[in-house]
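Undergrad: Take this structure, written in structure tokens, and hold onto it; I'll ask about it next.
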Amino acid sequence: MVDVSSCPQSSIIYDEVRGEYICTETGEVLEERLVDVGPEWRSFEVISDTGRVRGSEPVTSKVHDYGLSTTIDEHSYEGRKLNELNKFSRVLSREKKLVKALQL
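Heads up: the sequence shown runs through residues 1115 to 1218, numbered per the numbering used here.
Encoded structure:
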């Protein structure tokens, strides 16, 4: 919860990169979320780190589920069908319009 007693509500901003609420008048960090939103890497090489690929997309507040979703490979017929079935199964019914709007 953001402590507004030390800073007027109009002076509080949210830093999306750091996940912090900051008072613009004093520079004080009012609240921080210690979540590592860096890339998750995985490697299929036994010895070296070459060939590393992203494990998932970066976390962002610009998507309804913060980008924490499953991506299914669409190269095969089964993958395309699963992706189509999975598209709305992870979304609450009240959020389906929001998902469609954000995909435009």
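Ideal Cβ positions, reconstructed from N, Cα and C, are used throughout, including at glycine. Since we're looking at a predicted model, the values are computed, not measured.
To which residues of the same chain is Tyr1128 closer than 6 Å at the C-beta, ignoring the five residues directly before and after it?
TA: Start at 1 with the first residue of the sequence shown, and residue 1128 comes out as number 14. Tyr1135, listed in sequence order.
Undergrad: Less than 9 Å between the beta carbons of Thr1140 and Ser1120, yes or no?
TA: As a first step, residue 1140 is located in the sequence shown; it is residue number 26 there, counting from the start. As a first step, residue 1120 is located in the sequence shown; it is residue number 6 there, counting from the start. Yes, the pair counts as a contact, with Cβ atoms nearer than the cut-off.
Undergrad: Helix, strand or coil for Leu1212 per DSSP?
TA: Taking the first residue of the sequence shown as position 1, residue 1212 is located at position 98. Helix, per DSSP.
Undergrad: Contact defined as beta carbons within less than 8 Å: I believe Glu1146 pairs with Gly1133. What is the distance between those atoms, to the nearest angstrom?
TA: To locate residue 1146, count along the sequence shown from 1; it is residue 32. To locate residue 1133, count along the sequence shown from 1; it is residue 19. Yes, they are in contact, since the Cβ atoms of Glu1146 and Gly1133 sit about 6 Å apart, within 8 Å.
Undergrad: The beta strand (DSSP E) that contains Glu1146, what's its start and end?
TA: As a position in the sequence shown, residue 1146 is number 32, starting the count at 1. Element bounds for Glu1146: 1143-1146.
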